[in-house]
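For what it's worth, this note's numbering labels the leading residue of the sequence shown as 532, then goes sequentially. To start, the structure itself, in structure tokens.
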Amino acid sequence: MEEFTMLEWYHSGENYLTLMRDCEELFRFLKHVVTVPQDSTGTRYTAFEGFDFDGPWERITVEDAFKKFSPQTLVQALKNDSFDEILVEYIEPNLGKKKPTFLLDYPLELGSLAKAKTEAPEVVERFELYLGGIELANGFSELTDENEQRVRFEEEIADIDKTWGSSAQMPERFLQDIKKLKQAAGIALGVDRLCMLALGVDDIRDVVSFSPEDLL
Numbered sequence: 532m533e534e535f536t537m538l539e540w541y542h543s544g545e546n547y548l549t550l551m552r553d554c555e556e557l558f559r560f561l562k563h564v565v566t567v568p569q570d571s572t573g574t575r576y577t578a579f580e581g582f583d584f585d586g587p588w589e590r591i592t593v594e595d596a597f598k599k600f601s602p603q604t605l606v607q608a609l610k611n612d613s614f615d616e617i618l619v620e621y622i623e624p625n626l627g628k629k630k631p632t633f634l635l636d637y638p639l640e641l642g643s644l645a646k647a648k649t650e651a652p653e654v655v656e657r658f659e660l661y662l663g664g665i666e667l668a669n670g671f672s673e674l675t676d677e678n679e680q681r682v683r684f685e686e687e688i689a690d691i692d693k694t695w696g697s698s699a700q701m702p703e704r705f706l707q708d709i710k711k712l713k714q715a716a717g718i719a720l721g722v723d724r725l726c727m728l729a730l731g732v733d734d735i736r737d738v739v740s741f742s743p744e745d746l747l
């Protein structure tokens, strides 16, 4: 079951590096203030037992993660459309084992709404945060260049037409609106997954506030 509760926030005038600092400060605060209920033996545990939030957090680029953990190169995985499969099977289980890990600088084609890095335009300013092999957050610097965004949408629409034989429309209203945006960065963090890891439980159903059936 996937999480239903998301915590989202944005920073005006900042980029994805600020969001990563936000995460570090938030997690260190939570480990300090959250108390885990005692179990049947009366033992009380520390929140995020077994994880170290102090000191520098691990940061690894997507390209380096593929070099370190994947049986294929990043270029091969993108070419044969196996990126997601390899990420889940080979890379994610190795991330955030003891310290939280930021997987950052995604290929341009995997961040259509994210700003490209000035010094490396083949990647975008996007990261995902992992703890215990579980993805907790996805954040990126917002792309606010209307012309560049239009080019990316044109490529995606052409791919949709080729793959699915259906015609997608250019989101003109969205393109007009992003011209009004200043530099910004945004993130979404899965609260239910965070609670699961904080309390040391193995099943997310033990921490979700409600199930899909409750909404019917």
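All residues carry an ideal CB built from backbone N, CA and C; glycine is no exception.
Outcome for residue i when other beta-carbon atoms lying within 10 angstroms are tallied against a minimum of 16
i           : result
residue 701 : exposed
residue 669 : buried
residue 659 : buried
residue 696 : exposed
residue 532 : Reliability of the predicted coordinates at residue 532 is poor, the pLDDT of 40 falling under 50, and the value obtained from them is presented with this limitation in mind. Counting Cβ neighbours within 10 Å, residue 532 comes out exposed, since fewer than 16 surround it.
residue 734 : exposed
residue 690 : exposed
Contact set for residue i: own chain, Cβ-Cβ below 7 Å, skip 5 residues either direction
i           : result
residue 672 : 546, 547, 645, 646, 656, 716
residue 662 : 582, 627, 631, 728
residue 665 : 724, 728
residue 643 : 683, 687
residue 698 : 692
CA-to-CA distance, residue j to residue i, given in whole angstroms
i           : j           : result
residue 614 : residue 654 : 15 Å
residue 611 : residue 633 : 25 Å
residue 649 : residue 683 : 17 Å
residue 578 : residue 564 : 9 Å
residue 541 : residue 712 : 12 Å
residue 736 : residue 624 : 21 Å
residue 562 : residue 555 : 11 Å
residue 732 : residue 536 : 17 Å
residue 726 : residue 706 : 37 Å
residue 710 : residue 685 : 17 Å
residue 638 : residue 718 : 18 Å
residue 674 : residue 680 : 7 Å
residue 551 : residue 557 : 10 Å
residue 676 : residue 704 : 14 Å
Own chain partners of residue i with C-beta closer than 6 Å, once the 5 adjacent residues on each side are dropped
i           : result
residue 714 : 544
residue 559 : 584
residue 589 : 630, 632
residue 722 : 536, 538
residue 600 : 621, 622, 625
Whole-angstrom C-beta distance between residue j and residue i, which should lie under 8 Å
i           : j           : result
residue 667 : residue 538 : About 10 Å; that fails the 8 Å criterion.
residue 640 : residue 609 : 7 Å
residue 594 : residue 605 : 5 Å
Cβ-based neighbour list, residue i, same chain, cut-off 8 Å, excluding 5 preceding and 5 following
i           : result
residue 597 : 603, 604, 605, 608, 617, 622
residue 651 : 636
> Which runs of the alpha helix (DSSP H), 4 residues or longer, sit entirely within the segment 678–733?
Replying inline: 703–709, 722–730
>> Restricting to runs no shorter than 3 residues, where is the beta strand (DSSP E) found entirely within the segment 587–644?
In response: 589–592, 632–638
> If you scan the segment 537–584 from start to end, which runs of the alpha helix (DSSP H) of 4 or more residues do you find wholly inside it?
Replying inline: 547–564
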